[in-house]
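Visitor:
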Amino acid sequence: MATTAQSGSEFLLAIETDTPGTFVDVLSAKSNTFKITHGDIDVTTKADDGWGSTIAGKKSASGSVSGTLLGTAVDKKFLDHANTGAAFNCELTFGTFATATGTFRISDIQLDGQVDGAIQYTFNLTNVGAIAITVTP
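Under numbering that gives the first Met the number 0, think of the first position of the sequence shown as 0, with each following residue one higher.
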């Protein structure tokens, strides 16, 4: 069975519109990241003979999106969410491989502007609750 690398341009972040269940891609994005972290809880005791022992702790998800500020409705929605701290629903599409959906909030934003270039942004996202990941069969 042949495998094909998933194109980075098909790693898309979309945010929910004012119509529940309807998502719109963040087209001004140039780069997206997504990370799931499984925290460990150390339960090592003297009886473990020097070996560390852990159990599963909390899971968390985070991501970032970077791009050029174009002034689109989606860009404005991101800025509004950053200002208010409101949580919002996102959908991440990893090419034809998988989709992740969940509620996030913007943990921080950075805007950069050079005199001879466009304004660039980076939004960092943190999950607010469980993330559902669906792998395409």
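Glycine included, each C-beta is placed from N, C-alpha and C at the ideal position. As the structure is a computational prediction, the values presented were derived from the model and not from experiment.
In this structure, how does DSSP classify Leu69 when only helix, strand and coil are distinguished?
Guide: Position 70 of the sequence shown, counted from the start, is the residue given in the question as residue 69. Correct three-state label for Leu69: coil.
Visitor: In whole angstroms, what separates the C-alpha of Gly116 from that of Lys75?
Guide: Here residue 116 refers to the residue found at position 117 when the sequence shown is read from its first residue. Here residue 75 refers to the residue found at position 76 when the sequence shown is read from its first residue. If I take the Cα positions, the gap works out to 20 angstroms.
Visitor: What whole-angstrom Cβ distance do Ala60 and Asn126 have, given they're in contact under 8 angstroms?
Guide: As a first step, residue 60 must be located in the sequence shown, where it is residue number 61. As a first step, residue 126 must be located in the sequence shown, where it is residue number 127. Indeed they touch by this definition, with Cβ atoms about 4 angstroms apart.
Visitor: Taking the alpha-carbon positions, what's the Phe22 to Leu91 distance?
Guide: Within the sequence shown, residue 22 is the residue found at index 23, counting from 1. Within the sequence shown, residue 91 is the residue found at index 92, counting from 1. Rounded to whole angstroms, Phe22 to Leu91 spans 10 angstroms at the Cα level.
Visitor: If you follow the beta strand (DSSP E) that Glu90 is part of, which residue opens it and which one closes it?
Guide: Mapped onto the sequence shown, residue 90 falls at position 91. Looking at the DSSP string, the run of the beta strand (DSSP E) that includes Glu90 is 87-93.
Visitor: Assign Phe122 to one of two classes, buried (16 or more other C-beta atoms within 10 Å of its C-beta) or exposed (fewer than that).
Guide: The residue given as residue 122 occupies position 123 in the sequence shown. Classification for Phe122: buried.
Visitor: Using a 10 Å radius around the Cβ and a threshold of 16 neighbouring Cβ atoms, would you call Gly62 buried or exposed?
Guide: Translated into positions along the sequence shown, residue 62 becomes position 63. With 16 or more other Cβ atoms within 10 Å, it is buried.
Visitor: Going by the beta-carbon positions, is the gap between Val64 and Val25 smaller than 8 angstroms?
Guide: Looking up residue 64 in the sequence shown gives position 65. Looking up residue 25 in the sequence shown gives position 26. It is a contact, given that the beta carbons lie within the stated cut-off.
Visitor: Using the rule of at least 16 other Cβ atoms within 10 Å of the residue's Cβ for burial, across every protein chain shown, is Asp27 buried or exposed?
Guide: Locating residue 27 in the sequence shown gives position 28, counting from the first residue. A small correction: the amino acid at residue 27 is Ser; Asp does not occupy that position in the sequence shown. Under this definition Ser27 is a buried residue.
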